[in-house]
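Student: Numbering-wise, the numbering used here comes out as the position in the sequence shown, counting from 1, plus 7. Positions of the beta carbon are idealized from the N, C-alpha and C atoms, including for glycine. Please see the structure below; I have some questions.
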Amino acid sequence: MSAVSDNSQPNQIHGSFDASGMRFGIAVSRFNSFITERLLAGALEALAHGGAKPSQTDVVRVPGSFEIPLAAKKMAQSGYDAIIAIGCVLRGETSHYDYVCSEVARGVQLAQMDTGVPIIFCVLTCDTLEQAIDRAGLKSGNKGYDAGLAALEMARLSHRLNAGAEIAAGKLPEIR
Ligand code: INI
Numbered sequence: 008m009s010a011v012s013d014n015s016q017p018n019q020i021h022g023s024f025d026a027s028g029m030r031f032g033i034a035v036s037r038f039n040s041f042i043t044e045r046l047l048a049g050a051l052e053a054l055a056h057g058g059a060k061p062s063q064t065d066v067v068r069v070p071g072s073f074e075i076p077l078a079a080k081k082m083a084q085s086g087y088d089a090i091i092a093i094g095c096v097l098r099g100e101t102s103h104y105d106y107v108c109s110e111v112a113r114g115v116q117l118a119q120m121d122t123g124v125p126i127i128f129c130v131l132t133c134d135t136l137e138q139a140i141d142r143a144g145l146k147s148g149n150k151g152y153d154a155g156l157a158a159l160e161m162a163r164l165s166h167r168l169n170a171g172a173e174i175a176a177g178k179l180p181e182i183r
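Rendered as structure tokens:
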């Protein structure tokens, strides 16, 4: 029986924040563009910090958050390494808010599970405009920037997990 050395450790598989060789797609809602354009700027800043050139990213605009899942899914099917979904839903006087929130979250998750491409969820769901402003670069940081970092990390991690067979065999391949 082969003995495993006492100090052997499991392989650690993780992403990184290096954009080299990656293509990113961003689906942005025009509804509440005062907020979503700030989130977009944050996401682009994070991608640039990862080394992404502007030509590595395509930005697609959709009317509202409800339209994000379809655009994100079509982008995920067309060769991007990660997608960022950006929207902002503000609670109104009717139940419309609840339908838009639940459908955009459900649709984005379905799209990423169907395609196997990471889709980062950067859709703010807030009770007030003030809460949204805080999360779009004021008191609570910029959630778009956080989404950009998540896209970098998940794009790389996804490539590494796609090479899972070789990793399982202990042969770490040249992973881009
Ligand atoms: N879309 C948003 O992105 N945010 C909102 O706050 C919002 N509200 O409040 O109505 C909103 N509605 C539009 C919706 O996303 C669709 O574009 C529309 O219903 C057409 O399908």
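In whole angstroms, what is the alpha-carbon distance linking Asn169 and Ala162?
Tutor: When rounded, the distance between both Cα atoms is 11 Å.
Student: If you follow the beta strand (DSSP E) that Val124 is in, where does it begin and where does it stop?
Tutor: Here Val124 belongs to no beta strand (DSSP E), and DSSP marks it neither H nor E.
Student: Within this structure, are the beta carbons of Thr124 and Ile75 separated by less than 8 Å?
Tutor: Contrary to the premise, residue 124 reads as Val rather than Thr in this sequence. No, the pair does not count as a contact, with Cβ atoms beyond the cut-off.
Student: Provide the residue(s) that pair with Cys95 in DSSP beta bridges, ordered along the chain.
Tutor: According to DSSP, which records beta bridges pairwise, Cys95 is partnered with Leu131.
Student: Could you tell me if the beta carbon of Ser40 falls within a distance shorter than 7 Å of some heavy atom in the ligand INI?
Tutor: False, no ligand heavy atom lies under 7 Å from that Cβ.
Student: By DSSP, does Thr101 sit in helix, in strand, or in coil?
Tutor: DSSP places Thr101 in coil when its eight states are reduced to three.
Student: Excluding the five sequence neighbours on either side, which residues of its own chain have a C-beta within less than 6 Å of the C-beta of Asn18, listed in chain order?
Tutor: For Asn18, where only same-chain residues beyond five positions count, there are no Cβ hits under 6 Å.
Student: With a CB to CB cut of under 7 Å and the five nearest residues on each side skipped, what residues in its chain are close to Gly57?
Tutor: Counting only Cβ-Cβ distances below 7 Å, and skipping sequence neighbours, we find Phe24, Asp25, Ala26 and Leu159.
Student: In this structure, how does DSSP classify Gly22 when only helix, strand and coil are distinguished?
Tutor: Note: Gly22 maps to coil in three-state DSSP.
Student: Please list, in chain order, all residues of the same chain as Ala10 whose beta carbon is under 8 Å from its beta carbon, the five residues on each side excluded.
Tutor: At Ala10 the pLDDT is 47, less than 50, meaning the model places this residue with poor confidence; the figure from the coordinates comes in the next sentence. Closer than 8 Å at the Cβ level, and outside the excluded window around Ala10, lies no residue.
Student: Going by other Cβ atoms of all chains shown within 10 Å of its Cβ, with 16 needed for buried, is Asp88 buried or exposed?
Tutor: Buried, because 16 or more other Cβ atoms sit within 10 Å of the Cβ of Asp88.
Student: With DSSP run on the structure shown, which of helix, strand or coil describes Arg188?
Tutor: Nothing about residue 188 can be read from this structure; the chain reaches only from 8 to 183.
Student: Between Cys129 and Met82, what straight-line distance do the alpha-carbon atoms span, to the nearest angstrom?
Tutor: Distance between the alpha carbons of Cys129 and Met82: 16 Å.
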